[in-house]
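Each remark here refers to the structure printed beneath this line.
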Amino acid sequence: MAKHPVNLKVNGDEHDLLIEPRKTLLAVLRDTIGLTGTKEGCSTGDCGACTVIVDGKAVTSCMVLGVTTSGKEITTIEGLASDGELHPIQQAFIDTGGYQCGFCTPGFIMASKALVDENPNRTEEEFRFALGGNICRCTGYTKILEAVIQAAEEIRTAS
Amino acid sequence: MKNFEFFEPTTLPEASRLFAQEHAQLLAGGTDLVIGMKASTETPQTVISLQKIPGLDGISTDADNNITIGAMTKVREVELSEDIQKHHTALAEGALEIGSIQIRNLATIGGNIAHASPAADTVAGLLVADAQVDIASADGGRAVPINELFTGPGQTVLKPGEIITQFRLPNPTSGSHYIKHKIREVMDLAFIGVASAVNLENGVIKEARIGLAAVAPTPIRATEAENLLKGKIPTLELLRQAGEAAAAATSPISDLRCSAEHRKEMVNVLTKRTLQRAVARA
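Heads up: the sequence lines are chains A and B, in that order. According to the numbering used here, the stretch in the first sequence is residues 57 to 215, in order. According to the numbering used here, the stretch in the second sequence is residues 159 to 440, in order.
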């Protein structure tokens, strides 16, 4: 089966690659490009650990074929900090202790970033519902939610 | 995942010709197909992506409030569309019930319908919107009313090479509501799904439509219950009778999610509830 040429724009860097069509975006990011911050949990779209942002939208990268993302802007957890400065959402997860084992954290942070970018004025209840596609098996949801609300507040006051 | 040949055609005739081959599968949002390929329940030799074909996505509303939804429109766009929230509330509510935001950003309304799950969350809303399904093929196209599209679980009237291109929703002038009966707040499949739409004229029901999901081999309209409502004042007793008539029209199965008896009883309850809300919104 033929490999397909793709041009992936990941965290501002362009990657010209030849990939098998069966490779998911998650596999391409982790195995081909070497960005292992994005995690593989369930691999069926249920847990949200593999969440990345494609053209401004949070998606579960385990359900996306890499060949269909050529030319799109992809942001992973590695792309959030700039000039050594953490993104407010990353900092908020540290400040509140919004992680335990840390495996779900990149997915939660990427899902939260897309939510806050879309609308930082959500209520706690709305954030809770909107993060329903991310699972923390350490069950540390209280601190995760605190982190997202703190970051949203910061971003609201800064803008 | 088994390997396959991958195509990204840029025209519908080209896509249709590729799709008419044996062991070919269309790729829209991928939320069903990619997972199916990983589990080897889907083993296509050819996968045809629809994303490079122009004109298949987006929602447009004409001056008479007729709404067209492209098949490749993301479910999240359907959920957030102000026109759909206003004119086809049940459909927007159904879209919101699918998976997570991450999944709704990928999944398309065309995929949700073409996959033909009897439990699809957008189907009851499209049934009560009386949607027409536009279908393209290499030698032209046709339109099929949504209530004639499904023939069984995972089965439709679509022939090899036929591709759903858009859904046309006539001006409803009605209120509607969808309830998904489920256990979890998000990321759950429907035990059953019920949508009702009602048009009122001087306090009398001019027209009522009831769409039911996951209560029969295909999504269905409860036509006897609809006829019962026509021309009458929507009293609680009448809506209760409609609930019973809708339940009588179902032939649910028992499965790991719940029993057939529970499904039937909940059709009764939720038909009444969705009708109440639809009347209030009409």
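All C-beta atoms, glycine included, are put in the ideal place defined by N, C-alpha and C. In this text, all values refer to a predicted model and were calculated from it rather than measured experimentally.
Test item: CB-CB of B:Ile411 and B:Ala403 under 8 Å: Taking 8 Å as the Cβ cut-off, B:Ile411 and B:Ala403 do not qualify as a contacting pair.
Delimiting residues of the beta strand (DSSP E) encompassing B:Leu433: Here B:Leu433 belongs to no beta strand (DSSP E); instead the alpha helix (DSSP H) covers 418–439.
Buried/exposed call for B:Val362, threshold 16 Cβ in 10 Å: The residue in question, B:Val362, is exposed, as its Cβ has fewer than 16 Cβ neighbours within 10 Å.
7 Å CB neighbourhood of B:Glu468 in its chain, flanking five on each side removed: Because chain B spans 159 through 440 in this model, residue 468 of chain B falls outside it and cannot be assessed.
Reference B:Lys364; option with closest CA among B:Asp346, B:Ala405, B:Ser332: A check of alpha carbon separations from B:Lys364 across B:Asp346, B:Ala405, B:Ser332 identifies B:Ser332 as the nearest.
Contacts around B:Arg439, its chain only, beta-carbon distance under 6 Å, and the 5 residues preceding and following it disregarded: Taking B:Arg439 as the centre and dropping the five residues before and after it, the same chain places the C-beta of Gly333 closer than 6 Å to its C-beta, in chain order.
Chain B within 8 Å of A:Thr132, Cβ atoms only: Answer no: the Cβ-Cβ gap between A:Thr132 and chain B never drops below 8 Å.
Those runs of the alpha helix (DSSP H) which lie wholly inside the segment 76–119 of chain A and span at least 4 residues: Unbroken alpha helix (DSSP H) stretches of 4 residues or longer found wholly inside the segment 76–119 of chain A: none.
Among B:Ala229, B:Gln243, B:Thr408, nearest to B:Gly140 - alpha-carbon criterion: Outside the displayed range of chain B (159 to 440) lies residue 140 of chain B, so it cannot be described from this structure.
Members of the segment 255–270 of chain B that neighbour chain A once the beta carbon cut-off is set at 7 Å: For the segment 255–270 of chain B, the residues whose beta carbon sits under 7 Å from a beta carbon of chain A are, in order, Gly257, Ser258, Ile259, Gln260, Ile261, Asn263, Leu264.
Neighbour list for A:Ser168 in chain B, Cβ cutoff strictly below 9 Å: Against A:Ser168, chain B offers no close residue; the least beta-carbon distance is about 11 Å (beta-carbon pairs closer than 9 Å).
Closest residue to B:Ile391 among B:Ile368, B:Arg367, B:Leu370, B:Glu359 (Cα-Cα distance): It is B:Glu359 whose Cα lies nearest to the Cα of B:Ile391.
Sequence-distant residues of its chain with Cβ nearer than 7 Å to B:Ser258 (five each side left out): Only Val344, Met345 meet the Cβ criterion.
Rounded straight-line distance, which links the Cα of B:Leu414 to that of A:Ala58: Taken atom to atom, the span from the alpha-carbon of A:Ala58 to that of B:Leu414 is near 41 Å.
Chain B within 8 Å of A:Pro61, Cβ atoms only: Answer no: the Cβ-Cβ gap between A:Pro61 and chain B never drops below 8 Å.
Option nearest A:Gln206 by Cα separation, candidates A:Ile165, A:Asn190, A:Tyr197, A:Thr152: A:Gln206 has its Cα closest to that of A:Thr152, out of A:Ile165, A:Asn190, A:Tyr197, A:Thr152.
Those residues which DSSP pairs with A:Thr131 across a bridge: DSSP lists A:Ile109 as partners of A:Thr131.
is_contact[B:Gly216, chain A] using C-beta, thresh 8 Å: Judged by the 8 Å Cβ criterion, B:Gly216 is not in contact with chain A.
CB contact check: A:Leu121 to chain B, cutoff 8 Å: Contact with chain B is found for A:Leu121, since one of that chain's Cβ atoms lies less than 8 Å from the residue's Cβ.
Counterpart residues of B:Ser334 in DSSP-defined beta bridges: BP columns for B:Ser334 point to B:Ala355.
Cα-Cα separation between B:Asp292 and B:Val302, rounded to whole angstroms: Distance between B:Asp292 and B:Val302, taken at the CA atoms: about 7 Å.
Segments assigned alpha helix (DSSP H), at least 4 residues, entirely inside the segment 242–322 of chain B: Complete alpha helix (DSSP H) runs here, min 4: 247–254, 259–262, 267–272, 281–286.
Any chain B beta carbon closer than 8 Å to A:Phe185: Chain B contact via Cβ: present.
Contact set between B:Ser207 and chain A, taken where Cβ atoms lie within less than 7 Å: Scanning chain A for C-beta atoms nearer than 7 Å to the C-beta of B:Ser207 yields Thr124, reported in chain order.
Inter-stretch contact (C-beta, 8 Å, three-pair minimum) for the segment 169–189 of chain B and the segment 159–171 of chain A: Taking one beta carbon from each stretch, the segment 169–189 of chain B and the segment 159–171 of chain A have fewer than 3 pairs nearer than 8 Å; the two do not touch.
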